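Accompanying notes for the structure given below.
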Amino acid sequence: MATHPGGLTPSSAPDGTAVRVRDLTRSFSEAGGVLDGLDLDIAQGEFVALIGRSGSGKSTLLRALAGLDRDVSGAGTVDVPDSVSVVFQDSRLLPWKRVLDNVTFGLRGKGATERGRTALAEVGLEGRERAWPHELSGGEQQRAALARSLVREPRLLLADEPFGALDALTRIRMHVLLRRLCEAHRPAVLLVTHDVDEAIVLADRVIVLDDGVVASDIRVELAGRRSQADPEFAALRARLLAQLGVEDDHEAPVSRRAPSHLDRRAAS
Amino acid sequence: MTAVLTAPAELPAVDDARVVRRRVGPGRRVPFATLVGPLLLLALWFLGSATGLIAPETLSEPWTVVTAFQTLIEDGRLQENLLTSATRAGLGLALGVAVGAGLAILSGLSRLGEAVIDGPVQIKRSIPSLALIPLLILWFGIGEQMKILTIALGVLVPIYIHTHNGLRGIDGRYAELAQTVDIRRSEFIRSVVLPGALPGFLLGLRFAVTSALLALVVVEQVNSTSGIGHMITLASSYGQTDVIVVGLVLYAVLGLVADTTLRIIERKALTWRRTLEG
Chain A
-12 MATHPGGLTP SSAPDGTAVR VRDLTRSFSE AGGVLDGLDL DIAQGEFVAL
38 IGRSGSGKST LLRALAGLDR DVSGAGTVDV PDSVSVVFQD SRLLPWKRVL
88 DNVTFGLRGK GATERGRTAL AEVGLEGRER AWPHELSGGE QQRAALARSL
138 VREPRLLLAD EPFGALDALT RIRMHVLLRR LCEAHRPAVL LVTHDVDEAI
188 VLADRVIVLD DGVVASDIRV ELAGRRSQAD PEFAALRARL LAQLGVEDDH
238 EAPVSRRAPS HLDRRAAS
Chain B
11 MTAVLTAPAE LPAVDDARVV RRRVGPGRRV PFATLVGPLL LLALWFLGSA
61 TGLIAPETLS EPWTVVTAFQ TLIEDGRLQE NLLTSATRAG LGLALGVAVG
111 AGLAILSGLS RLGEAVIDGP VQIKRSIPSL ALIPLLILWF GIGEQMKILT
161 IALGVLVPIY IHTHNGLRGI DGRYAELAQT VDIRRSEFIR SVVLPGALPG
211 FLLGLRFAVT SALLALVVVE QVNSTSGIGH MITLASSYGQ TDVIVVGLVL
261 YAVLGLVADT TLRIIERKAL TWRRTLEG
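Structure below.
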């Protein structure tokens, strides 16, 4: 399980807000809005996880913050820092550039190569600078993508289900890595995920999005190691799952699982 | 097929009891594989001439052709004609590639460019370049200009079509990424557009070489006083099949050299791709 020393409390500068969203509306059609008057603040250095059912507007909100929604109609104000980095679900490495050139892609000025090397070393990809993206494993590709976003020293890191396509073990390693990188660089983070455990393990705050508005905004007050064995973890998990309309599956006794399998599926 | 369900030879078969699936890809690269077919044809020709199955009036014997080669080289006609032809083809190819690729980029990157350029090129595509020769002769005479332009017009179309196709096939997600890392348009073109369109461009180039040689043959046999085509036309009126064969061999060598060069360039330029070619 991912470990991280202590709770990560945002460094509250005089004006300690990194992201300020007010009355944000976005819609793809006349019929209904995807985001419907949403307000959101993220403090500097704060790690916020955004969960919600599919179609709840998670990705729409992230794309609005990334400035990638030129063709979507809507209104409202979005204040984000100057330097914003995005990590996508796919690593999106340019296949015709070597790993190091991918990391420094679009980086200007002297020492870009050196910064790229440092960033690669930070994500544990030392010595793979000259590799082609297709020579890396899925987890390595995503680490290279992380290096590409962090080398820009972003004040806001937007991550759209960055570990969604990785296997469970790689995902755990990536959680540890992301947590470590965020403590070192301290950007504000908005992580979109559908994995409640991931949200609790990583974030200072978990926001549940429903019908285009913030349905709940929960601060994760778990000290020290965040372990699924912790009853508080389990309670928070059950609470968040309930908000998403899912009964906690761990409550079903193992012995009754097999026979009642079909019944439970029919009931849900 | 022989490799099915057998252990590789270099490993001791005793300890290596494995079941190997039948390979569906083309398998390992065979060195000099492209030479096998041509050598086979050459062998057939030898055999046919030696047994008398192929009459000398129909097709000269290989050894007569070799003698013709020597004579032509000795009096310098071969080198001179080959140089003229290669220059024509090269200039036409260069002009056609530059114009075709330029138009493809303009049309691929801007809606205005596409509106203005794509239509005319598609119309040009349905008119064989060779059909334009009478008009080009009227406009430019029968000199080198007309010949190079004819070749260039034939080259332009495949280059345009394949480069444009490659450009349009670039994954839109890369453009999105480029927006998030905030790069200038010039760098976007250099880092994303050009490398992304390169596979299409190189494929177009291989078609273009074929078009260039075809156009070369035609323009050299119409109103020409030099070049391989002229040499062949002359030999035809004297019934010298050996010289005709020399000319054909030269065309073949030109084509083969060009195609091999392109394959090598392609493999070097596209090392980032992982394909069946391995």
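Chains A and B supply the protein sequences, listed in that same order. Just so you know, the numbering used here puts 115 at position 128 of the first sequence, and the rest follows in order with no gaps. Just so you know, the numbering used here puts 52 at position 42 of the second sequence, and the rest follows in order with no gaps. Every residue, glycine too, gets a C-beta built ideally from N, C-alpha and C. These figures come from a predicted structure and were not determined experimentally.
Review point. Quick one: any contact between the segment 191 to 198 of chain B and the segment 144 to 162 of chain B, if contact means 3 or more CB pairs under 8 angstroms?
Key: no
Check your understanding: Hey, does Arg195(B) have any beta-carbon neighbour from chain A nearer than 7 angstroms?
Key -> no
Point to revise | Within 8 angstroms of chain A by C-beta, residues of the segment 153 to 187 of chain B in sequence order | key: Arg183, Tyr184, Glu186 and Leu187
Exercise for review: Tell me whether Gly61(A) sits in a helix, a strand or coil according to DSSP, three-state version.
Suggested key: strand
Check your understanding: Pro205(B) CB to nearest chain A CB: under 7 angstroms?
Key -> yes
Exercise for review: For Arg104(A), collect the residues of the same chain with a Cβ closer than 6 angstroms to its Cβ; drop the 5 residues on either side in sequence, then sort them by chain order.
Suggested key: none
Exercise for review: Determine the contact status of Glu33(A) and Ala175(A), defining contact as a CB-CB distance below 7 angstroms.
Suggested key: yes
Check your understanding: DSSP puts Arg179(A) in a beta bridge; with which residues?
Key -> With the sequence shown as reference, residue 179(A) is identified as Val, and Arg is not the correct amino acid for it. In DSSP, Val179(A) forms a bridge with Leu37(A) and Asp147(A).
Check your understanding: Under a CB-based cut-off of 7 angstroms, is Thr270(B) close to chain A?
Key -> no
Check your understanding: If you measure from the beta carbon of Pro82(A) to each beta carbon in chain B, is any gap under 7 angstroms?
Key -> yes
Check your understanding: Can the beta-carbon of Gly265(B) be found closer than 7 angstroms to that of Met241(B)?
Key -> no
Review point. Whose CA, out of Ser46(A), Phe92(A) and Ala222(A), lies closest to the CA of Val207(A)?
Key: Ala222(A)
Review point. Under the DSSP definition of a beta bridge, which residues are partnered with Arg192(A)?
Key: Val35(A) and Arg206(A)
Point to revise | Member of Asp58(A), Arg135(A), His121(A) and Leu81(A) whose CA lies at the smallest distance from the CA of Val90(A) | key: Arg135(A)
Check your understanding: So which residues on chain B does Ala146(A) lean against when the C-beta distance must stay under 8 angstroms?
Key -> By Cβ distance, chain B contributes nothing, its closest Cβ being about 12 angstroms from Ala146(A), past 8 angstroms.
Review point. Which one or two residues does DSSP pair with Leu22(A) in a beta bridge?
Key: Arg13(A)
Review point. If we cut at 7 angstroms on Cβ distances, does Met11(B) have a partner in chain A?
Key: Any reading at Met11(B) must be qualified, since the residue scores a pLDDT of 44, below 50, and its modelled position is unreliable; the value itself is stated next. Answer no: the Cβ-Cβ gap between Met11(B) and chain A never drops below 7 angstroms.
Review point. Taking Cβ positions, are Leu27(A) and Thr12(A) nearer each other than 7 angstroms?
Key: no
Exercise for review: Within the same chain, show all residues whose beta-carbon is closer than 7 angstroms to that of Ile147(B), passing over the 5 residues directly before and after it, in chain order.
Suggested key: Met156
Check your understanding: Out of curiosity, what's the CA-to-CA distance linking Thr270(B) and Val46(B)?
Key -> 14 angstroms
**Study point:** DSSP state of Ala229(A) mapped onto helix, strand, coil
**Key:** helix
**Study point:** Spatial neighbours of Gly199(A) in its chain, beta-carbon cut-off 7 angstroms, leaving aside the 5 residues before and after
**Key:** Gly20, Val21, Leu22, Asp23, Leu25 and Gly44
**Study point:** Simplified DSSP assignment, three categories, for Ile238(B)
**Key:** helix
Review point. So what does DSSP say about Leu69(B), is it helix, strand or coil?
Key: coil
**Study point:** Per DSSP, the bridge partner or partners of Leu27(A)
**Key:** Val8(A)
Review point. So what does Val74(A) bridge to, in DSSP terms?
Key: Ala146(A)
Practice item. Pick helix, strand or coil for Val201(A), following the three-state DSSP scheme. Key: strand
Practice item. Just tell me which of Arg50(A), Arg79(A) and Ser41(A) has its CA closest to the CA of Asp181(B). Key: Arg79(A)
Practice item. Using three-state DSSP, classify Asp66(A) as helix, strand or coil. Key: strand
Point to revise | Cβ pair count under 8 angstroms reaching 3, the segment 128 to 142 of chain B against the segment 77 to 85 of chain B | key: no
Exercise for review: Indicate, with yes or no, if the ligand GTP has a heavy atom lying under 6 angstroms from the CB of Ser59(B).
Suggested key: Because no ligand of any kind appears in the structure shown, any question about the ligand GTP cannot be addressed here.
Check your understanding: With contact counted as at least three CB pairs below 8 angstroms, one residue from each stretch, are the segment 68 to 87 of chain A and the segment 114 to 124 of chain A in contact?
Key -> yes
Check your understanding: Among Leu244(B), Leu223(B), Gly239(B) and Glu67(B), which has the Cα closest to the Cα of Val165(B)?
Key -> Leu223(B)
Point to revise | Extent of the continuous alpha helix (DSSP H) to which Ser214(A) belongs | key: Careful: Ser214(A) lies outside any alpha helix (DSSP H) and carries neither H nor E.
Review point. In chain order, what residues of the segment 55 to 71 of chain A put their CB closer than 7 angstroms to some CB of chain B?
Key: Leu55
Check your understanding: Taking the alpha helix (DSSP H) that Ile199(B) falls in, what are its first and last residues?
Key -> Run containing Ile199(B): none; DSSP gives neither H nor E here.
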